[in-house]
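Below is one structure, written out as structure tokens, with a few remarks after it.
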Amino acid sequence: MESNWEDVVDMYKKYPWTGNAKLTRSGETALHIAVMKRKEGTVKRLVELVDAAETEAEEISPLKVTNERGNTPLHLAASIGNTAMCECMSKHLSSGETLEQLLGHRNTAGETPLFLAALRGQRHALDYLHKMCGPEMPYHYARRADGETILHVAISGEYVDLAYDISCKHRDLIHCVNENGYTPLHVLASKPALFRSSLHLGPFDRFIYNYCRTPLVYM
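Heads up: the sequence shown runs through residues 872 to 1090, numbered per our numbering.
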């Protein structure tokens, strides 16, 4: 497919229903593949054709089709940190409930696109999706089925500055526990090697200060 993206776009135009066709063993559509290949121009053109597919047939939107791991194209764009593709897809679905469904969709691991952005340390994509979620971001967008929050995984991945930003924006996540009873600070304490690097002392000092002055909240 690498050299035939024009043919794919033409196929979308002539036969809109092909947008939902799964082309790989793992269930990816052409849109999934274009995202993974970082074909921004192609993604934009395919997304622009989504309306045609929805008006000609009462089928699920290609933006909502999932692969075998339950990932939509937006999940993949968030995980690779491609903000332009995230913006293209979310703006195309800026119609209330539909956008909420896309942003809040969980894959088989219970992860939303926003959660995947945090898991992969994709700061710009996370910031954009957070903005799309609005200032009162639904709590479940930031939490996985096992209780891990975007703050837990940012610390686990050693994305220190990202973790600090999250702790400032969502102080309620600081005391959240996962299914093992661990808060983000427990995760932080399990990574002593980070404390040996002076590069991380500033963000960690600020994070711990945030933790200590945040009232305990039982979730």
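Where a beta carbon is used, it is the ideal one built from N, C-alpha and C, also for glycine.
Is TYR1089 helix, strand or coil by DSSP? As a first step, residue 1089 must be located in the sequence shown, where it is residue number 218. For TYR1089, the pLDDT reaches just 39, beneath the cut-off of 50, and the residue's location in the model is therefore unreliable, although a value from the coordinates is still provided. The answer is coil: DSSP assigns TYR1089 none of H, G, I, E or B.
Can you grab the Cα-Cα spacing for the pair TYR1010 / LEU985, in whole Å? For the purposes of this step, residue 1010 is identified with residue 139 of the sequence shown, where counting begins at 1. For the purposes of this step, residue 985 is identified with residue 114 of the sequence shown, where counting begins at 1. Going from the Cα of TYR1010 to the Cα of LEU985 covers about 11 Å.
Return no unless some Cβ of chain B is closer than 8 Å to the Cβ of GLY898. Note that chain B does not occur in the displayed structure, where there is just one protein chain.
Going straight from the alpha carbon of VAL936 to that of ILE1026, what length do you get? Start at 1 with the first residue of the sequence shown, and residue 936 comes out as number 65. Start at 1 with the first residue of the sequence shown, and residue 1026 comes out as number 155. Those two C-alpha atoms are separated by around 31 Å.
Any idea what DSSP makes of ARG1014, helix, strand or coil? Taking the sequence shown and counting its residues from 1, one reaches residue 1014 at position 143. The answer is strand: DSSP assigns ARG1014 an E or B state.
With DSSP run on the structure shown, which of helix, strand or coil describes THR954? As a first step, residue 954 must be located in the sequence shown, where it is residue number 83. Helix, per DSSP.
What are the uninterrupted segments assigned as alpha helix (DSSP H) that are 4 or more residues long and contained completely in the segment 880-919, given in chain order? 901-907 and 911-919
Which one or two residues does DSSP pair with THR1020 in a beta bridge? Stepping through the sequence shown from its first residue, residue 1020 is reached at position 149. Answer is ARG1014.
When you compare only the Cα positions, how much space is there between ARG1042 and LYS893? Along the sequence shown, one-based indexing puts residue 1042 at 171. Along the sequence shown, one-based indexing puts residue 893 at 22. Going from the Cα of ARG1042 to the Cα of LYS893 covers about 41 Å.
Between ILE904, TYR1035, CYS1047 and ILE931, which has its C-alpha nearest MET956's C-alpha? Taking the first residue of the sequence shown as position 1, residue 956 is located at position 85. Of ILE904, TYR1035, CYS1047 and ILE931, the residue nearest in Cα terms is ILE904.
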